[in-house]
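**Student:** Just passing along the structure, written as structure tokens.
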Amino acid sequence: MKLSEIKEILTTLENVEFQLENGTFVPEHFHVTEVGTVTKEFIDCGGTVRNEKAVNFQLWNADDFEHRLKPTKLLNIIKLSEQKLGIEDDEIEVEFQNTTIGRYDLDFNGKNFILLNKTTGCLAQEACGIPAAKVNVENSNSSSTSNCAPGSGCC
């Protein structure tokens, strides 16, 4: 979801609610403690230099159980961030601490904002010699024998 999309949705809501993909809700007394731009410059395992940029929202829970963030307040935080930081209309990434700090993509189901789990993947599969159809993300971190040989240039 892009920043322009959340701004449009917020104008239609009475409450701001975030929900994890597993159905669990972020506690309703959450705060948005940061809005900013995160940039990442990196090189993938195939040697390609890449750049990513996202608008980052950080959600945080405090002990102020009566706190409720209203849509107009979040819109004001976003507008201030755009003015002061020059934030552009990029995709939104949400940070939220569950058991550890998680990074999530954002979606909307018509009522709640949904924190979508992010996954890792190889951006240069051709360098690994593994056809895309044979990559099994669920088992890619297992301790079973790897399809990559030392010195093969694989991820």
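Everything in the sequence shown is counted per our numbering, starting at 268 for the first residue and increasing by one. Idealized CB from N, CA, C, for every residue including glycine. All of these numbers come straight from a predicted model, not from anything done at the bench.
1) Who are the Cβ neighbours of F309 in its own chain at under 6 Å, not counting the five residues just before and after it?
2) What does DSSP give as the partner residue(s) for G303 in the beta ladder?
3) Look up F285 in the DSSP assignment and say whether it is helix, strand or coil.
4) Ordered along the chain, which non-local residues of its own chain (more than five positions away) have a Cβ less than 6 Å from that of V283?
5) Touching or not, the stretch 318 to 335 and the stretch 357 to 371, by the rule of three or more beta carbon pairs under 8 Å?
6) Hey, how far is the Cα of G396 from the Cα of E288?
7) What does the alpha-carbon distance come out to for the pair K307 and D330?
8) Would you say F380 faces chain B, with C-beta separation under 8 Å as the test?
9) CA-CA distance, M268 and N379?
10) Can you have a look at I273 and say buried or exposed, based on whether 16 or more other CB atoms are within 10 angstroms of its CB?
11) If we ignore side chains and look at the alpha-carbon of each, how far apart do D372 and L383 end up?
12) Run through DSSP, which three-state label would N408 get?
13) If distances are taken between C-alpha atoms only, which option among L270, T291 and F332 comes closest to N365?
**Tutor:** Short version:
1) R317
2) N323
3) strand
4) L336, P338 and L341
5) yes
6) 33 Å
7) 33 Å
8) Absent from the structure: chain B. Only one protein chain is present.
9) 13 Å
10) buried
11) 5 Å
12) Unreliable positioning characterises N408 in this predicted model, as indicated by a pLDDT of 43, which lies under 50. The coordinate reading is nonetheless provided below. DSSP places N408 in coil when its eight states are reduced to three.
13) T291
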